[in-house]
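Colleague:
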Amino acid sequence: MSGYDYTMERLRDLVMTQYQYAPRQAQMAAHGFFDAMDNDGNGSVSYREFKRFLVSEGFEEFSDKDLFKRLDGDGSRGLDFWEVMSLYYILRSDKPFCTECDDFLLETYFVCNGCRGGPYYFCNSCCQEHNYEMGGDHCYPVYDQPPVHQMQRSQTTNSMVMYTPSRSTSRSSSVGGSSSLRTAYRTFEMALNVANLAVGAAACSIM
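According to UniProt numbering, the sequence shown is numbered sequentially starting from 1.
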């Protein structure tokens, strides 16, 4: 993908807002996870460290250099804390990438189940183009309420709930359970789950 990736910029803004509303324990666990992923301790996650984590946790399909470059918004050839949190959101949101333009489908997107080899997922622009090429309405929308909107509503109630991952955490792994990276990753996820249970069904979705 060429040019500036505005979708990733919006995603970074979203995770920064979610982090602001997260409990201190979850914030500390997030930094612990980042530090463990940054194996050489230079304050930036290289592609090698990025791929090591994804392969070890069974997310190898996300380990290509294209996604790494798109997350690396400043072009530093390394991921900072917010870019790693954006990666976590992508892994756990269960939201797809556009089949046509490969944009991450952060909010409402469209699905086509009627064409051979589907389902296919589209952003708004690509859906319109797909319908035009197919000569009819082949896509239907999948609506998603952005968490940032939920947070704006919740500011008057001071209530919040952690974002609950929809992907399974029981994927196969190529590293042992004693891995410090795996331990930090599990600690981060546990902190999110504990916070979710602590506040119950409230109006704000975080991370």
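Positions of the beta carbon are idealized from the N, C-alpha and C atoms, including for glycine. Remember, it's a predicted structure, so these values are computed and weren't measured experimentally.
Which full runs of the alpha helix (DSSP H) of 4+ residues lie inside the region 47-129, going along the chain?
Modeller: 47-56, 65-71, 81-93, all fully within the region 47-129.
Colleague: Just curious, the beta strand (DSSP E) that Y140 is in, first and last residue?
Modeller: From DSSP, the beta strand (DSSP E) with Y140 extends over 140-142.
Colleague: Taking the alpha-carbon of L105 as reference, which of C112, E133, K95, G41 has the nearest alpha-carbon?
Modeller: Of C112, E133, K95, G41, the residue nearest in Cα terms is K95.
Colleague: Looking only at its own chain, which residues have a Cβ that is under 6 Å from the Cβ of F68, when we skip the five neighbours before and after it?
Modeller: So the qualifying residues of the chain are Y47, F50.
Colleague: Classify C115 as buried or exposed, calling it buried when 16 or more other Cβ atoms lie within 10 Å of its own Cβ.
Modeller: Per the 10 Å Cβ criterion, exposed.
Colleague: Do T108 and N124 have their C-beta atoms within less than 9 Å of each other?
Modeller: The answer is yes: Cβ separation under 9 Å.
Colleague: Beta-carbon within less than 7 Å of M85's beta-carbon, same chain only, minus the 5 sequence neighbours each way: which residues are those?
Modeller: Result list for M85: V15, Y19, A30, in chain order.
Colleague: Using alpha carbons as the reference points, say which of F110, N42, R52 lies closest to D80.
Modeller: Minimum Cα distance to D80 is reached at N42.
Colleague: Below 8 Å CB to CB, which residues in the same chain sit around H138 once its five sequence neighbours on both sides are set aside?
Modeller: Hits under 8 Å: C112, G114, C115, H130, N131.
Colleague: Which residue comes first and which comes last in the alpha helix (DSSP H) that contains A29?
Modeller: Note, A29: alpha helix (DSSP H), 24-37.
Colleague: Going by the CB atoms, is the gap between M37 and A184 shorter than 9 Å?
Modeller: Yes; because the gap between Cβ atoms is below 9 Å, this pair is in contact.
Colleague: So, are the CB atoms of F59 and L11 less than 9 Å apart?
Modeller: Going by C-beta atoms, F59 is not nearer than 9 Å to L11.
Colleague: To which residues does DSSP link V45 through a beta bridge?
Modeller: DSSP output for V45 lists L79 as bridge partner(s).
Colleague: Please report the Cβ distance between G78 and S44, rounded to the nearest whole angstrom; I am assuming they are in contact, meaning their Cβ atoms lie under 8 Å.
Modeller: Contact flag correct, Cβ pair sits at about 3 Å.
Colleague: What residue does the alpha helix (DSSP H) around D13 start on, and which one ends it?
Modeller: Note, D13: alpha helix (DSSP H), 6-21.
Colleague: Could you pull out every residue in the same chain whose Cβ sits closer than 6 Å to the Cβ of F33, ignoring the five residues on either side in sequence?
Modeller: Excluding sequence neighbours, F33 sits near A184, Y185, F188.
Colleague: Alpha carbon to alpha carbon, what distance is there between G135 and Y89?
Modeller: Rounded to the nearest angstrom, the two C-alpha atoms are 35 Å apart.
Colleague: Would you call Y21 buried or exposed, if buried means 16 or more other Cβ atoms sit within 10 Å of its Cβ?
Modeller: Looking at its Cβ environment, which holds 16 or more other Cβ atoms inside 10 Å, Y21 is buried.
Colleague: Classify C101 as buried or exposed, calling it buried when 16 or more other Cβ atoms lie within 10 Å of its own Cβ.
Modeller: It is exposed - the Cβ of C101 has fewer than 16 other Cβ atoms within 10 Å.
Colleague: Which of the three DSSP states is assigned to S179 in this structure?
Modeller: DSSP places S179 in coil when its eight states are reduced to three.
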